[in-house]
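**Student:**
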Amino acid sequence: KAGVTQTPRYLIKTRGQQVTLSCSPISGHRSVSWYQQTPGQGLQFLFEYFSETQRNKGNFPGRFSGRQFSNSRSEMNVSTLELGDSALYLCASSPTGYTGELFFGEGSRLTVL
Amino acid sequence: AQSVTQLDSQVPVFEEAPVELRCNYSSSVSVYLFWYVQYPNQGLQLLLKYLSGSTLVKGINGFEAEFNKSQTSFHLRKPSVHISDTAEYFCAVTDNQGGKLIFGQGTELSVKP
Numbered sequence: 159k160a161g162v163t164q165t166p167r168y169l170i171k172t173r174g175q176q177v178t179l180s181c182s183p184i185s186g187h188r189s190v191s192w193y194q195q196t197p198g199q200g201l202q203f204l205f206e207y208f209s210e211t212q213r214n215k216g217n218f219p220g221r222f223s224g225r226q227f228s229n230s231r232s233e234m235n236v237s238t239l240e241l242g243d244s245a246l247y248l249c250a251s252s253p254t255g256y257t258g259e260l261f262f263g264e265g266s267r268l269t270v271l
Numbered sequence: 002a003q004s005v006t007q008l009d010s011q012v013p014v015f016e017e018a019p020v021e022l023r024c025n026y027s028s029s030v031s032v033y034l035f036w037y038v039q040y041p042n043q044g045l046q047l048l049l050k051y052l053s054g055s056t057l058v059k060g061i062n063g064f065e066a067e068f069n070k071s072q073t074s075f076h077l078r079k080p081s082v083h084i085s086d087t088a089e090y091f092c093a094v095t096d097n098q099g100g101k102l103i104f105g106q107g108t109e110l111s112v113k114p
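Line by line, the protein sequences are chains A and B. The first sequence begins at 159 in my numbering and counts up by one. The second sequence begins at 2 in my numbering and counts up by one.
#1: Please work out which residues of its chain come closer than 7 Å, Cβ to Cβ, to B/LEU73, disregarding the five sequence neighbours upstream and downstream, and give them in chain order.
#2: Could you check where the beta strand (DSSP E) with B/TYR40 kicks off and where it finishes?
#3: If the cut is a Cβ gap below 8 Å, which residues of chain B does A/SER180 touch?
#4: Quick one: what does DSSP say A/LEU241 is sitting in, helix, strand or coil?
#5: What does B/GLN43 reach in chain A if we use C-beta pairs closer than 7 Å?
#6: With 16 as the cutoff for other CB atoms within 10 Å, does A/SER182 come out buried or exposed?
#7: Is the region 195 to 206 of chain A touching the region 221 to 237 of chain A, taking contact as three or more C-beta pairs under 8 Å?
#8: Leaving out the 5 sequence neighbours to the left and right, which residues in its chain are closer than 6 Å to B/ARG78 when beta-carbon positions are compared?
#9: For A/ASN162 and A/PHE262, which I take to be in contact (beta-carbon distance under 8 Å), what is that distance rounded to the nearest angstrom?
#10: Residues in the same chain with beta-carbon distance under 6 Å from B/LEU8, minus the five sequence neighbours each way, listed in chain order, please.
#11: Of all the alpha helix (DSSP H) runs that stay within the bounds of the region 183 to 223 of chain A, which reach a length of 4 or more residues?
#12: Tell me whether the beta-carbon of A/ALA245 lies closer than 9 Å to the beta-carbon of A/GLN194.
#13: With H, G and I counted as helix, E and B as strand and the rest as coil, what does DSSP make of A/ASN229?
#14: Taking C-alpha atoms, which residue in A/GLN176, A/ARG167, A/LEU260 and A/PRO166 lies nearest to A/ASP243?
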């Protein structure tokens, strides 16, 4: 089985721009979660989608949004980028999202200049 | 609210020595506990999990962890480490809220020859 695929792997943006990151989950997995990883804040939960519905959300501003398509693929969007948004964004999938056993992609590293 | 504390940010150890990475959690409800490993420039990989049953959990790569409810701990151990175990290790907890894990700040394990 192919693993979780995230694109792009690396990207550089400037302040004020917006960015869209993509995640293809493992085949058959219906839950997709997103996490932000930074040296200062560590790993923080952004949101989780299951069957195209946002089921859970972390404490991030409204500039961070996401969606899930009928094939379970997911995208997250960050608008009006700030320097502090520079981070590794990790996507994880699981069959149902419960029990916490998540399968992570390699991440998209965003640098905001 | 749940939280996870990893008591050591860095653990240096010599090859073939035993190692223990400490993790304490707080939660008012029953939880599931996990250890994930992250190698440089990669996503997270599940090492082991505690959902219920035996408090001694065995994982991949020779790691094991013991769930101690009275001490709210879930320490990770390996009797003999290898150079290839050099990585960052994350303890995580969920109360089954669908795709949402609360991570500790991570412990950087450095195995020296």
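Glycine is no exception: its CB is placed at the ideal position from the N, C-alpha and C atoms.
**Tutor:** On the basis of the supplied data:
#1: First, the residue type needs correcting, since residue 73 of chain B is Thr and not Leu in the sequence shown. The answer, listed in chain order, is ASN25, TYR26 and SER27.
#2: Unbroken run through B/TYR40: none, as it is neither H nor E.
#3: Against chain B, a Cβ distance below 8 Å from A/SER180 picks out nothing, because the smallest value is about 15 Å.
#4: Of the three classes helix, strand and coil, the one that applies to A/LEU241 here is helix, per DSSP.
#5: Here the neighbours are GLU264.
#6: Buried, because 16 or more other Cβ atoms sit within 10 Å of the Cβ of A/SER182.
#7: With a cut-off of 8 Å, the region 221 to 237 of chain A and the region 195 to 206 of chain A count as touching, because enough Cβ pairs lie within range.
#8: GLU21 and GLU65.
#9: A small correction: the amino acid at residue 162 of chain A is Val; Asn does not occupy that position in the sequence shown. Taking C-beta atoms under 8 Å as the contact rule, A/VAL162 and A/PHE262 qualify, at a distance of about 6 Å.
#10: Excluding sequence neighbours, B/LEU8 sits near ARG23.
#11: Qualifying alpha helix (DSSP H) stretches: none in this window.
#12: A Cβ-Cβ contact shorter than 9 Å links A/ALA245 with A/GLN194.
#13: It is coil, neither helix nor strand.
#14: Comparing Cα positions, the closest option is A/GLN176.
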